[in-house]
Structures are given as C-alpha cells and as structure tokens.
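Working notes for the structure below.
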Amino acid sequence: MKPNNILKSYELAKEKYASLGVDTDKALKNLSKIAVSLHCWQGDDVGGFEKTGAELSGGGIQTTGNYPGKARTIAELRQDIDKALEMIPGNHRLSLHACYLDNNGKFIDRDQVNIKHFQSWIDWAKQRKLGLDFNPTFFSHPKANDGFTLSHPNKNIREFWIQHGIACRKIAEQMGKKLGKTVVTNFWVPDGYKDIPADRKAPRERLADSLDKIFKLKISPKYNLDAVEGKLFGIGSESYVVGSHDFYMGYAATRKKLLCLDAGHFHPTEVISDKISSVLTFLDEILLHVSRPVRWDSDHVVILNDELYAISRELVRGGYLGRVHIGLDFFDASINRIAAWVIGTRSMLKSLLSAFLEPAAVLVQTELKFDYTQRLALMETLKTLPFGAIWDFYCLKNNVPQETEWLREIKNYELSVLKHRN
Ligand code: RNT
Ligand code: ZN
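Under our numbering, think of the first position of the sequence shown as 1241, with each following residue one higher.
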C-alpha cells in the first residue's frame, strides 16, 4: 500500500478508536517504549560457538528441522540478527547464551569464561544501541551428560557448574556496566529424571544450595538482575524436574530473585497469562519467556494467538510493564530462521499494541458494576476494530517493511546470503 494510503487508513482507524475513548497516538508512544529481548539461539538451533558446528545436546530441549542457511559463525549470526532487526519496529535487546562466546574459535571450558569472551558482542550491541541479556549454559556439555548439573550428586560436578554460574554473573555485571543498561541473567537448568525418582528431596536441596552459592556474590541491580526458570518436564526428564515451578516460586520469593515464566513450561491447559498477576502479588519483577507450546514444550514460533493477546493484556491492564522483562524463547529449524525471529517478535509487538488499544478503564468499570453483558459485548467489539491500520502506520513511522512486504526482503536475503552457506 502507498504511504499516503497507510496514513489515510490510520486517520480513519484513529477516529474509530477515539469513539471508544482510545487514543491511538498514545498507544503507539507506549509501544515504542517497549524493548523485547530477542533470543540469539533461534539463529543456529541453540548450537553456540564453543566449537564450530556445535549442536544442542543433552539439555531436555530439542530443535527439529533442517532448513538450509543456518548461521555457522558469530559473523553470520550477527548478520542474520541485523537482518531480522531491520524488519522489527522499535529498539530491542539481544539475549545471549554463554555458549555463544567469542574466543576466536578456541575451546574454553564453561567455568573459565570471562568478560573478554563477550567483548565483541558488547561492542556489536553498543553500535546498535541494543541492550543485552544473558544466560549461563547448563546443557550441551560432557559434565551435563548424566542429566544433572547444579543438583548433581557428585560435589565436583556441582562445583564446576557453580563456577560457571558465578562466572556468568560476573560477565553480566560487566556487560551491564559497559552498556549502561541492566542485564537480566536467566538461570535454567535441565536437571531431572526420565523415570520415577526414589528421592525427590535431595536434588532439590542440592539445587537450592548450589544456587545460593552462585548468588552469594552481591551485584548491583543497576547492572544485573538474576532470574530463575522452572519447568514441568523435558525430553529425558519426563517424570521429575528438579527446578519445578513451585521450587522456583519459593526460591524467587525468599531470595528476592526474578521468576522466569516460560509459556511452554506448564501443563497444556495452564497459561502464563493467568500467572502473571499471581506471582507479581509477591515478587518485584519477573522475566517472561514468550514461547508457543504445541502439545508439549515444543518452542514453536510465537504467533498472534489467544494466549499471546492474553499475556499482553495482562501486562498492560495490570500496569506491569515496568516490572516485567519480555524475552522470547523459541527455536524452529524447519523454516527460515530469520523469518522466525521476525514473525515472533512482530507478533509480540502486535499483541502489545492491541492491548494498548483497549479502553481498559471502561472494561473495568463495567465489571465493577457487574455488567457482564456489556463487558463481553465490548470485548467482542474490540476484536474487529481496525487494529491492522494502526500497526501498518507504526511500521511506516519506524521505517520497517509492511506486513505484506517484509517476507520479500527475507526471501532476497535467502537467495543472496543464506543460499551460499553449507
Ligand atoms: C528450556 C528453557 C530455556 C531454554 C534456553 C535456550 O526449556 O526454556 O529457557 O530454551 O535457555
Ligand atoms: Zn525458556
């Protein structure tokens, strides 16, 4: 559509929303303040750069698919992220896993990583005015092969992983300092049993103890915030996950940590949109891993479905945006990996925009008057308002391609760049 027509459509849509008391310009201003943390691991199927051609292994998670053109080097991954960012309106963040370190291709073990190995990422992020987030990597490593890391019965193995956790927090602190933007460091450990455990207690006590050792070092929240992520089950940990939701709920509340809620880490009929207001009654801040489970924790690309709308509505209605860090967590190797980032991130932003376009106060007032008829009718009415016209205008304003155009650019990139990989 011609820019002039996008503007015209916006004006008409604006009028429609105004009739319900919604200020579309304000909604766009609110949207522009949101930074979504893009996860680096969508670009190479959670491989990382400890060695070339690294692969995800032994972590209770899995990627499927073999779409050509996967990033094989740090340079390629950065080039791909740049391409994705060209298609995403706004200023965002990048979440790095420790195994994406830059040590010029030389192997260095996890307990030895330090800020030097991330300097090139910091420089890269600085140039782009991107914030960084961080994740220690407790999988794809020989010392994780038993299926246990921080809760391993062997003290030496636990100690190795504790040192990795400490090293990562120090790196994150430096990243935060150097970038002048707070880093959120997320701890997810895959530890668990495939079959029915004989002892559910001891591994949890060991995990709590190991985490306490990692968090002993005080770091200013100006530079780094720690988050802990629970899970219901994983591949190879179907019967028991040490770091369950309940475990981390208690841990985060007593240790004043952020809780990370991953949309795929609960029973299939449970949704994180309903957990946000519960956990934020007791915790200061949380991290979200916005993902899309299909029958299980499958990490499908985030799309604009009911749950995504619901998550964003919760964040906006509850006034929680200052207390919630929004991160993405999906990895699909069966489609163009850059398109996956673009689809997921744009969907996240669209859902937030739709939430900002709600006459929230009116909805609450009808509810308080017990007028559930009007509440339901208004919610249905909102669904067919010209929200797409507002989004198109936002893309135009931010100089990023329209919905109908961005894929063409990705296809060109596929032909000119991705095709020459492998
Ligand atoms: C795994 C967790 C975790 C990972 C990343 C790669 O189930 O969701 O967040 O996806 O650390
Ligand atoms: Zn996650």
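Think of the CB as a built atom: it goes at the ideal place given N, C-alpha and C, for glycine as much as any other residue.
Quick check on residue i: does DSSP put it in helix, strand or coil?
i	result
H1357	helix
I1566	strand
S1530	Going by the sequence as given, residue 1530 is Val instead of Ser. In this structure, V1530 counts as strand in the three-state DSSP scheme.
F1400	helix
D1187	Any answer about residue 1187 is impossible in this case: the structure gives the chain only from 1241 up to 1662.
E1295	coil
R1680	Here the chain has residues from 1241 to 1662 only, and residue 1680 is not among them.
D1502	strand
D1524	coil
S1538	strand
Y1307	coil
V1519	helix
L1278	strand
L1334	strand
G1405	helix
G1416	helix
I1328	coil
G1283	coil
P1461	coil
H1660	helix
I1650	helix
T1422	coil
L1271	helix
L1655	helix
L1447	helix
T1509	coil
T1644	coil
K1456	coil
Q1352	helix
E1290	coil
I1301	coil
D1439	coil
K1197	The structure shown does not extend to residue 1197, since the chain is modelled only from 1241 to 1662, so the question has no answer here.
L1247	helix
Please go through the same chain and pick out, in chain order, the residues whose beta-carbon is closer than 6 Å to the beta-carbon of residue i, but skip the five residues on each side of it.
i	result
I1578	D1320, K1323, A1324 and I1650
N1375	H1337 and N1426
E1445	none
I1402	S1450, K1453 and I1454
I1543	S1587
N1270	F1596
I1355	I1411 and Q1414
I1314	F1289 and D1342
G1405	P1376 and I1454
R1557	A1600
F1400	D1351 and K1383
E1554	S1513 and I1516
On the premise that residue j lies in contact with residue i, defined as a C-beta separation below 8 Å, what is that separation, rounded to the nearest angstrom?
i	j	result
G1504	D1546	Not confirmed; about 15 Å, so no contact.
K1366	L1419	6 Å
L1341	F1358	6 Å
S1380	A1294	7 Å
L1278	H1332	6 Å
W1631	L1658	Actually they are not in contact, since the Cβ atoms of W1631 and L1658 sit about 27 Å apart, beyond 8 Å.
I1551	I1512	6 Å
S1479	K1434	6 Å
D1351	A1267	That pair is no contact at about 47 Å.
G1474	P1437	Rounded, the Cβ-Cβ distance is 14 Å, inconsistent with contact.
Identify every residue that forms a DSSP beta bridge with residue i.
i	result
F1427	V1468
V1481	G1432
G1474	S1477
Grab me the residues of residue i's own chain with a C-beta within less than 7 Å of its C-beta, minus the 5 sequence neighbours each way, in chain order.
i	result
W1392	Contrary to the premise, residue 1392 reads as His rather than Trp in this sequence. Excluding residues within five positions, the ones whose Cβ falls inside 7 Å are D1386 and R1398.
E1654	G1309 and N1576
A1213	Missing from the structure shown is residue 1213; the chain here goes from 1241 to 1662 and no further.
A1493	F1522 and L1523
So, at 8 Å on beta carbons, what are the nonlocal neighbours of residue i in its own chain, with the 5 sequence-adjacent residues on each side left out?
i	result
H1540	S1531, R1532, P1533, V1534, F1570 and D1572
V1262	L1597, E1598 and P1599
L1472	V1481, S1484, H1485, H1505, F1506, H1507 and D1537
C1280	L1317, I1321, L1334, S1335, L1336, H1337 and Y1340
K1417	Y1463
M1489	G1470, L1499 and V1519
Y1491	A1448, L1451, V1468 and K1497
Q1642	M1241, I1246, D1632, C1635 and L1636
Report yes if the C-beta of residue i is less than 7 Å from at least one heavy atom of the ligand FAD; otherwise report no.
i	result
I1301	Questions concerning the ligand FAD fall outside what the structure shown contains, since the ligands it does hold are the ligand RNT and the ligand ZN.
Is residue i close to chain D? Criterion is C-beta to C-beta, closer than 8 Å.
i	result
A1267	This model lacks chain D altogether, as it is built from one protein chain only.
Pick out the complete beta strand (DSSP E) segments inside the region 1356 to 1392, 3 residues or longer, and give them in chain order.
1371 to 1375
Beta strand (DSSP E) runs contained entirely in the region 1547 to 1631, provided each spans 3 or more residues
1564 to 1568
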